[in-house]
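Input: a single structure, listed below in structure tokens.
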Amino acid sequence: MKIALSGKGGVGKTTIAGCIAKALSDEGYKVLAIDADPDSNLSSALGVPKEKLDKLTPIAEMTKLVEERTGAKKGSFGGFFKLNPKVDDIPEKFCINHNNIKLLVLGSVPQGGGGCFCPENVLLKMLIRHLLLDKKDAIVLDMEAGLEHLGRGSTAGIDAFVVVVEPGIRSVQTARNIKKLAADVGVKDIYIVANKILSDKDKEFIDSNLNDFKILAYFPFNENIIRADREDRAPFELDKSLLDEAKKIIDKLK
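If you read the sequence shown in numbering that gives the first Met the number 0, its first letter stands for residue 0, the second for the next number, and so on.
Structural data, given as structure tokens:
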């Protein structure tokens, strides 16, 4: 099972990605959680302590690794790079393990004008496409907000593409734009997870505006998520009901 999550900024996709990863782990899956969002907050959503996170180096900061695997000088513009780099050893060598979930962080270009990010995304794309999973293996990919990753084709090889939305027109429009671009890169199964639902009217808004999508779950607005952010804890540590909703998603994707 390879699941990617995306959506408009601020809709809560990283929180839900963390809940899905934890729910999969609780069901006995070996989970690889990949943080491909330059904002890199998946570790917080998983409750990874700072002392453990300090031992994790984002792939984008591994200059020698990127150059060795892709043949491209990191941060350079133009040029050529390998389209099929070696990736099978990356999960074991460059992840940290927390609560039986392996976390890999892609990272971002470290400075303005830092050059092309293509080699790093080639590594990510090949990692997703070529990792062979057993029945009880899963990848949960937290994508950057918006649409840019679809233009790079980073989601090729994904089994299920989940768009997280909130009850608002801009969020709905982002979901529709994602659906169009996803089809161009061969992603066929697009699902919706609705978040921050306050009332039946919010649910009706989602149902009426996204009735051509399969809706997997409705997460109610939850004050514990705000509290978890203040306390730098995983939201599911404060409210186990988040894992119940995540399990519904997993059951519908099986």
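Just so it is clear, CB atoms sit at the ideal spot from N, CA and C, and this is done for glycine as well.
**Prompt:** Name the DSSP bridge partner or partners of Asn96?
**Reply:** Lys101
So, at 7 Å on beta carbons, what are the nonlocal neighbours of Ala233 in its own chain, with the 5 sequence-adjacent residues on each side left out? Gly17, Ala44, Leu45, Gly46, Ala227
* With Pro90 and Leu31 assumed to form a contact (beta carbons below 8 Å), what rounded beta-carbon distance in angstroms separates them? -> 5 Å
From Glu230, Lys200, Val161, pick the residue whose C-alpha is nearest to that of Lys213; which is it?
Val161
Ser198 classed as buried or exposed, judged by whether at least 16 other C-beta atoms fall within 10 angstroms: exposed
**Asked** Among Asp206, Cys94, Ala137, Arg175, which residue has its Cα nearest to the Cα of Asp53?
**Response** Cys94
Item to complete: Taking Ile168 as part of the alpha helix (DSSP H), name the residues at either end of that continuous run.
Response: 168-183
| Does the beta-carbon of Asn210 have 16 or more other beta-carbons within 10 angstroms, so that it is buried, or is it exposed? | exposed
### Query
So, helix, strand or coil for Asn210, using DSSP?
coil
**Message:** Out of Gly6, Asp25, Ile2, Ser207, which one is the CA nearest neighbour of Leu180?
**Reply:** Gly6
- request: Jot down the residue ranges of each uninterrupted alpha helix (DSSP H) in the stretch 36-66, minimum 4 residues, whole runs only, in chain order.
  value: 41-44, 49-52
**Asked** By the 10 Å Cβ neighbour count, where 16 or more other Cβ atoms means buried, how is Asp183 classified, buried or exposed?
**Response** exposed
- Give every residue of the same chain whose Cβ lies closer than 8 Å to the Cβ of Phe218, excluding the five residues on either side of it in the sequence, and list them in chain order. Gly11, Ile15, Val192, Ala193, Asn194, Lys195, Ile196, Leu241, Glu244
From which residue to which residue does the alpha helix (DSSP H) around Ser198 run?
Neither: Ser198 is in no alpha helix (DSSP H) and is coded neither H nor E.
Distance, Ala216 Cα to Gly167 Cα: 17 Å
Beta-carbon proximity of Ile2 to Ala137, cut-off 9 Å: yes
Checklist entry - Ile138 lies in the alpha helix (DSSP H); which residues open and close that run? => result Per DSSP, Ile138 belongs to no alpha helix (DSSP H); it is in the beta strand (DSSP E), 136-142.
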